[in-house]
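Let me begin by presenting the structure, written as structure tokens, before commenting on it.
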Amino acid sequence: MSIQTTNKITLYSEIIDKARDLGASLAGIVNIHDLKSSPSHLISGKMVEFGGVGTKKVEGKKSGQVEFPDNAHSAVVIAVKHPFELPELDWWVKGLKGGTQGNLKLISILSELAQWLEKERNIKSIKPAYHIEHGAVYMKDAAVLAGLGCIGKNNMLITPEFGPRVRLRVMLIDIEIPSTGQINYDPCDDCKEYCKKACPQNAFDKQIYFSEEFAQNELPSRTGVYNRIQCNIQMQNDILNGKDVNVESKSIVGKEVRYCRLCEFACPAGKV
Ligand code: B12
Ligand code: SF4
Ligand code: SF4
Numbered sequence: 004m005s006i007q008t009t010n011k012i013t014l015y016s017e018i019i020d021k022a023r024d025l026g027a028s029l030a031g032i033v034n035i036h037d038l039k040s041s042p043s044h045l046i047s048g049k050m051v052e053f054g055g056v057g058t059k060k061v062e063g064k065k066s067g068q069v070e071f072p073d074n075a076h077s078a079v080v081i082a083v084k085h086p087f088e089l090p091e092l093d094w095w096v097k098g099l100k101g102g103t104q105g106n107l108k109l110i111s112i113l114s115e116l117a118q119w120l121e122k123e124r125n126i127k128s129i130k131p132a133y134h135i136e137h138g139a140v141y142m143k144d145a146a147v148l149a150g151l152g153c154i155g156k157n158n159m160l161i162t163p164e165f166g167p168r169v170r171l172r173v174m175l176i177d178i179e180i181p182s183t184g185q186i187n188y189d190p191c192d193d194c195k196e197y198c199k200k201a202c203p204q205n206a207f208d209k210q211i212y213f214s215e216e217f218a219q220n221e222l223p224s225r226t227g228v229y230n231r232i233q234c235n236i237q238m239q240n241d242i243l244n245g246k247d248v249n250v251e252s253k254s255i256v257g258k259e260v261r262y263c264r265l266c267e268f269a270c271p272a273g274k275v
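Yeah, the sequence shown ends on 275 if you go by the numbering used here, and it's all consecutive.
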């Protein structure tokens, strides 16, 4: 779809405002060219394949492999805050739409935004997914380039407003809009690395990714120390400790899993 530059600036603000009106705590836009060349999208194909929690087995697809639809020209990134006092937003319940209450909120905001874009601005959007193998993109990279925050030493997106305590969702759209761009923000600079000390699996103890090997400086947890295999051990333990709960919306019983958030909760960024 073609549209003049002045209209794009207006459209940019309209999309962000609409997302926030619909309940997003933060919102931004990233151009597809910037997203495709972002660190996670460049490195994932070169890393040892990961089949742990957060991945799906899809016939004929390598796990972690992103496929961008041809009509995707930009991505709208939204965040919903997940504060300490509302831990239930992050609990995964089998049978619940979206998996968690937080995801359900993210999905419904983007669904309403998509309807508005189509009806009022004739812009088509591509249904967002969570799992890479089901069509998602790497959301933290999208969020950084969309101006929501930076990648902290805990390997999470850290926002000035809420620290790492946000969850993300991305929707692709068929119109080219420039990226919001990175913000100048680094809470890790003079921090005592509470995140790393809090990890029950010592997932940040040793450098395992190197710039020379991957030909890029932006590595997991900045310096290549975040070990997803170690972290995944904790996730598997958390699944084993899951409990059956009633899923009210469906009148069924589903297993509830409370995944580890210790590196997130230990971070002082965004605390009021
Ligand atoms: C698979 C997955 C997992 C796996 C594997 C994680 C991994 N990092 O490999 C497991 C199960 C272990 C996991 C754990 C967790 N996850 Co997870 N996970 C995902 C998923 C589906 C894909 C992530 C992925 O594979 N990344 C690929 C690897 C290659 O990248 P990476 O390790 O993140 O490292 C990259 C970044 O650091 C980036 N980077 C570094 N510096 C810079 C600088 C710049 C400028 C840029 C742009 C990028 C950048 O480059 C690195 C690659 O070189 C995403 C959702 C999505 N679709 O994106 C959620 C997601 C990343 N997870 C999330 C969360 C919350 C968690 C957990 C806290 C568990 C929980 N309670 O949900 C832990 C946190 C672990 C940690 N400290 O990072 C949130 C993060 C929110 C946030 N504020 O950042 C996401 C976005 C889901 C969501 N709903 O919002 N996860
Ligand atoms: S605890 Fe400190 S070092 Fe770790 S992510 Fe937060 S601000 Fe950065
Ligand atoms: S989510 Fe838990 S296990 Fe994983 S890196 Fe953070 S503190 Fe460690």
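All residues carry an ideal CB built from backbone N, CA and C; glycine is no exception. None of the values given here were measured: they were computed from a predicted structure.
message: If distances are taken between C-alpha atoms only, which option among E267, E52, T103, E215 comes closest to N157?
response: E267
- request: Could you spell out the range, first to last residue, of the alpha helix (DSSP H) harbouring L265?
  value: 265 to 268
query: Which runs of the alpha helix (DSSP H) fall wholly inside the region 166 to 222 and span at least 4 residues, in chain order?
result: 197 to 201, 214 to 217
- prompt: Out of curiosity, what's the CA-to-CA distance linking N240 and E259?
  reply: 13 Å
- request: Measuring alpha carbon to alpha carbon, tell me which of Y141, N187, I12 ends up nearest P163.
  value: N187
message: Check this for me: beta carbons of G26 and K108, under 8 Å apart or not?
response: yes
- request: Return helix, strand or coil for A149, following the three-state DSSP convention.
  value: coil
Three-pair Cβ contact test at 8 Å for the region 202 to 217 versus the region 55 to 69: no
message: Between L109 and ligand 3, is there a pair consisting of the residue's CB and a ligand heavy atom that are separated by less than 7 Å?
response: no
message: Starting from E259, trace the alpha helix (DSSP H) in both directions and tell me its first and last residue.
response: That residue, E259, is in no alpha helix (DSSP H); its beta strand (DSSP E) goes 255 to 260.
message: Using C-beta distances below 8 Å, list every residue in its chain close to P203, excluding the 5 sequence neighbours before and after it, in chain order.
response: Excluding the 5 residues flanking it on each side, P203 has same chain C-beta neighbours closer than 8 Å at Q237, C263, L265, in chain order.
message: On a Cα-Cα basis, can you pick out the residue from D247, F87, G48 that is closest to Q68?
response: Taking only the C-alpha atoms, the option nearest Q68 is G48.
- prompt: Taking Cβ to Cβ, would you say P276 is nearer than 8 Å to R168?
  reply: The structure shown does not extend to residue 276, since the chain spans only 4 to 275, so no value can be given for it.
query: Of all the CB atoms in chain C, is at least one closer than 8 Å to the CB of K253?
result: Of the chains in the structure shown, none is chain C; there is only one protein chain.
message: Please return the same chain residues whose Cβ sits closer than 6 Å to the Cβ of G155, not counting the five positions on each side in sequence.
response: Cβ neighbours of G155 within its own chain (closer than 6 Å, five residues either side excluded): I161, C191.
message: Can you look up S66 in the DSSP assignment and give me helix, strand or coil?
response: Looking at S66 - three-state DSSP - the assignment turns out to be coil, as it is neither helix nor strand.
- request: On a CA-only basis, which of T103, S40, A30 is nearest S252? Give me that one, please.
  value: T103
field: Cut-off 7 Å between Cβ atoms - residues of its own chain near C153, not counting five sequence neighbours on either side
entry: Cβ-Cβ distances below 7 Å link C153 to V147, I161, Y188, D189 in the same chain, with the five nearest sequence neighbours on each side left out; the list follows chain order.
- prompt: Any heavy atom of ligand 3 closer than 7 Å to the Cβ of Q237?
  reply: yes
field: Distance CB(G54)-CB(R231) smaller than 8 Å
entry: Not closer than 8 Å, so no.
task: Please state whether DSSP places I126 in a helix, a strand or coil.
output: When secondary structure is reduced to three states using DSSP, I126 falls in the coil class, being assigned neither helix nor strand.
message: ligand 2 and K143: does any heavy atom of the ligand fall closer than 7 Å to the residue's C-beta?
response: no
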